[in-house]
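Heads up: the protein sequence lines correspond to chains A and B, in order.
The working numbering puts the first residue of the first sequence at 1168, with every later residue one more than the last.
The working numbering puts the first residue of the second sequence at 1168, with every later residue one more than the last.
Glycine residues also receive a C-beta, built at the ideal position from the N, C-alpha and C atoms.
Values in this document were obtained by computation on a predicted structure and should not be read as measured data.
2 protein chains.
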Amino acid sequence: MSEKEFLAKALESKGLEPGDLVEVVSSDGRMLQGILMPHHEFSGGDIVTIKLGSGYNVGMRLRDPDAIRLIMKAETGKPLKAKIMTSSKAGGRSALPKISIVSTGGTIASYVDYRTGAVKPAITADELARSVPELADICTPKSEVLYSILSENMRPKNWSELAERIADHLNSGSMGCIVPHGTDTMGYTGAALAFSLSNLTGPVVLVGSQRSSDRPSSDSTLNLLSAARVCLDADLGEAVVLMHSGPDDEVCTIHRGTRVRKCHSSRRDAFETINGAPLGSVEGGRILLSADHEKRSNGKVLSDPRFDDNVAMLNFYPGLTAAKLRKYSDGASGLVIAGTGLGHVHQELIAEIARLTADDIPVCVTTQCIGGSVNLNVYSTGRDMLKAGAIQLGDMLSETAFVKLSWVLGHTDDIGKCREMMLLDMRREMGLRRPL
Amino acid sequence: MSEKEFLAKALESKGLEPGDLVEVVSSDGRMLQGILMPHHEFSGGDIVTIKLGSGYNVGMRLRDPDAIRLIMKAETGKPLKAKIMTSSKAGGRSALPKISIVSTGGTIASYVDYRTGAVKPAITADELARSVPELADICTPKSEVLYSILSENMRPKNWSELAERIADHLNSGSMGCIVPHGTDTMGYTGAALAFSLSNLTGPVVLVGSQRSSDRPSSDSTLNLLSAARVCLDADLGEAVVLMHSGPDDEVCTIHRGTRVRKCHSSRRDAFETINGAPLGSVEGGRILLSADHEKRSNGKVLSDPRFDDNVAMLNFYPGLTAAKLRKYSDGASGLVIAGTGLGHVHQELIAEIARLTADDIPVCVTTQCIGGSVNLNVYSTGRDMLKAGAIQLGDMLSETAFVKLSWVLGHTDDIGKCREMMLLDMRREMGLRRPL
């Protein structure tokens, strides 16, 4: 009998089910009380997981069936086990509207291996759906694991594949598409989906988690449920990022994909809409949207996700020399420079901008300040940069500029056409308050 | 007779002095009323400058002495001309405490050339002192123009020279040193002075301006006067940045040099202390300091401003390849990578970190999130980066990490010693809340 079978038998023989309050004595004699959690297939065959009163989950190795005993049956009449079934297994729920979940990985799709203590990406989207059983109460989730990677490993080719899959899902009748994603590069992917997809029949909601779901402070449940609410209820046809609004586990903010940045490494409310108000919020299931959102369109979602994967990006810093910039930009098809302040670089670098431009390599300029707009018309440095051919991108985020340039160069290699497209506000990536 | 002499004669013949309310008829027939401003030696010989009721300054070419006439003499008994003299010229003021002003350039030391409309750096520090006449009421300013450059053109060698000059000034009896500086790279210079100077007998206050002094919304006067107050009144022995606290022209914030970042391209309150509370504030001349500031020391200010000017810095982005990183880091003496989230990079880059480390090129890791701390112990990517030799820098700002690595490598080329120094909190550049 395998470890897993042993555990299943032991629990069955005791009549124990997820949701029950149990007491477990560990091999070292510790006794703990808590709620029996659903068995996690990656937690090791003989590990039972208990949610303590503190909210923390602990995994304990169970070798003796007598080491676990029932204290109280699950309080609700509706045992947890019934709730965690995805709709494909839960007969009679097919009338609920369909939402797609196209998982890419990240913390929201990760779990703690209690044997090593490490956080690892989950492999199946069903697991993800199961981790938020309430999802099956409001929709028919249609899950797909496209990737199971940490988002620092996303590449432009992944953006393309993801966009194609999302279009397929929406064109198959889903009301919206939830995309679980690592938070590290979620802002980049938000912009990539915004430029790749058009005529959206429903929201595309990137959703992540800053704390894994085994932690009491996890933000994954609220984020996922709020994302589902947006897919179901919002008349929204945009690619957005949805994350916690503040330190409390109450409100989520909807950020436009081209306007959002991860501004903190660990806070649950790490994401911010830059240079403008967020697109909306979700509180207690109620959705507020700003007036200027794109509505759901009719017809077919279009996907055009061609990216040039050879664009380079660089934040200027004191001491960056022309020689270093030349080395760095060698072989690149385009360059985004995040300058200081209004977009400036050392005067020595301006000749390099001219050289690159003359070689048909577009050089786009943003600011490393995060907030505010580039304006190369104020100081002599800026005007010289413009003369050299720099394309100043207003209040566009550097990350969005990088994604957009990659997308534009996936569609044209004509520098004039590229400039024109970069300066065209395609997905509200540039503000209207400061025309160039 | 030169244009300038003509203008001086014309004004003298009319008995007109700066501060007087005048009416001017321009060559195209426009008539404007305003306050006659002190003649600006860079504004062109025949240009008179008038401050309008709106607060804006305009420059008008004066060819006919009759085109200007007096409306009302300066209201105060104390004409503006007397106030603008620096103490070296204003006899009897030598009893006021001495403050040094070592100017490097930037908007705070710039003026608008009314003939071209361009903002240009001023050349003399006297001009700077004159632009804020109130300075001479509270101190004896000792001015020096070290540079007259836009701060995007600052290099590590400029940091060194600046540190040496500041030490000389403080060691010559100044109560403190104000350093007018362009805002673009002021945060970098703040960190550079913090690491270069020790045993400070008084504050070193970097001060800038987001709006030039000819604009009604200029922040330069309040910033300069507040900086002077800090030099005079604060028991502070640190290198700091002082700028507006908010949109109103009322309060300034004192930021620790190693903790400050320009977060907005144009707002007057663009500067923020990252990952902590600011060091203090100045409101209505009253200074508040947080409890943990360094006090003025006795004895001699020490300057040790050796910087390696060959350190490179790079923000990771999706699509950055090992080949590109290799090209970029080729020939660098050290590298700062601002990773995503907790400090991550694509797994493909980890072998490059190992290769650089094996070649005795230190690779330091910060987060591009701005807020929060690096933590490479949470995910497998991070742990692999640590194994490869990455030096994780807690909550240190990327800009500060770059400056510190440049400074450390100016003092040792031993990678072990470098690692040790980078992890040592020397100037409160690393938080205590998240020990590594």
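Helix, strand or coil for residue i, going by three-state DSSP, please let me know.
| i | result |
| --- | --- |
| His1336/A | helix |
| Lys1491/A | helix |
| Gly1369/B | coil |
| Cys1344/B | strand |
| Ser1327/B | helix |
| Ala1406/B | strand |
| Met1480/A | strand |
| Ile1118/B | Look at the range of chain B in this structure, 1168 to 1603, and you will see that residue 1118/B is not part of it. |
| Leu1543/A | coil |
| Lys1218/A | strand |
| Gln1200/B | strand |
| Leu1523/A | helix |
| Thr1533/B | strand |
| Met1597/A | coil |
| Arg1453/B | strand |
| Gln1514/B | helix |
Measure the C-alpha to C-alpha separation of residue i and residue j and round it to an integer number of angstroms.
| i | j | result |
| --- | --- | --- |
| Leu1364/B | Met1552/B | 33 Å |
| Val1299/B | Pro1205/B | 12 Å |
| Asp1400/A | Val1269/A | 19 Å |
| Arg1594/B | Met1353/B | 17 Å |
| Gly1486/A | Ile1202/B | 44 Å |
| Val1512/B | Lys1571/A | 21 Å |
| Arg1434/A | Gln1377/A | 7 Å |
| Thr1216/B | Met1227/B | 6 Å |
| Pro1414/B | Glu1519/B | 45 Å |
| Leu1329/A | Ala1262/A | 27 Å |
| Leu1174/B | Ser1315/B | 27 Å |
| Ser1255/A | Phe1362/A | Here Ser1255/A scores only 38 on pLDDT, less than 50, and its place in the model should not be relied on; the value that follows carries that caveat. Going by the C-alpha atoms only, they are around 33 Å apart. |
| Arg1522/A | Lys1324/B | 27 Å |
| His1411/A | Asp1351/B | 32 Å |
| Pro1347/A | Pro1383/B | 49 Å |
| Leu1302/B | Ser1448/A | 49 Å |
| Ala1555/A | Ser1496/A | 16 Å |
| Val1532/A | Ser1565/A | 8 Å |
| Lys1176/B | Thr1291/B | 24 Å |
| Arg1322/A | Tyr1355/A | 10 Å |
Provide the residue span of the beta strand (DSSP E) that contains residue i, from first to last.
| i | result |
| --- | --- |
| Ala1505/A | Gly1501 to Gly1506 |
| Leu1188/A | Leu1188 to Val1192 |
| Arg1586/B | Careful: Arg1586/B lies outside any beta strand (DSSP E), inside the alpha helix (DSSP H) at Ile1582 to Leu1590. |
| Thr1307/A | Thr1307 to Val1312 |
| Cys1419/A | Val1418 to Arg1423 |
Taking the alpha helix (DSSP H) that residue i falls in, what are its first and last residues?
| i | result |
| --- | --- |
| Ala1262/A | Taken as a continuous stretch (DSSP letters only), Ala1262/A belongs to no alpha helix (DSSP H), as it is neither H nor E. |
| Thr1579/B | Note, Thr1579/B: premise wrong, no alpha helix (DSSP H); not H, not E. |
| Thr1352/B | Unbroken run through Thr1352/B: none, as it is neither H nor E. |
| Arg1396/B | Ser1387 to Asp1400 |
Leaving out five residues before and five after residue i in sequence, what residues of the same chain have Cβ atoms less than 7 Å from its Cβ?
| i | result |
| --- | --- |
| Asp1592/A | none |
| Pro1445/B | Thr1420, Ile1421 and His1422 |
| Gly1508/A | Thr1534 and Cys1536 |
| Lys1584/B | none |
| Asn1338/A | Lys1467 and Val1468 |
Going by beta-carbon coordinates alone, are residue i and residue j separated by less than 9 Å?
| i | j | result |
| --- | --- | --- |
| Gly1404/A | Gly1357/A | no |
| Ser1500/A | Leu1576/A | yes |
| Val1503/B | Val1541/B | no |
| Asn1366/A | Gly1466/A | yes |
| Gln1514/A | Asn1320/B | yes |
| Glu1450/B | Val1418/B | yes |
| Pro1308/A | Ala1395/A | yes |
| Val1372/A | Leu1317/A | no |
| Ser1470/B | Ile1345/B | no |
| Asp1213/A | Leu1229/A | yes |
| Tyr1484/B | Met1480/A | yes |
Return the chain-ordered list of same chain residues with a C-beta closer than 8 Å to the C-beta of residue i, the five sequence neighbours on each side being excluded.
| i | result |
| --- | --- |
| Met1239/B | Asp1187 and Leu1188 |
| Leu1313/B | Val1269, Ser1270, Thr1271, Glu1328, Leu1329 and Arg1332 |
Here's a check: name, in chain order, each residue in its chain whose Cβ is nearer than 6 Å to the Cβ of residue i, leaving out the five neighbours to either side.
| i | result |
| --- | --- |
| Asp1402/A | Lys1462 and Arg1463 |
| Asn1482/B | Ala1505 and Gln1535 |
| Glu1596/B | Thr1425, Met1563 and Thr1567 |
Looking at the ligand ZN, does it come within less than 8 Å of residue i, judged from the CB to the closest heavy atom?
| i | result |
| --- | --- |
| Asn1544/B | Absent from the structure shown: the ligand ZN. Ligands present: none. |
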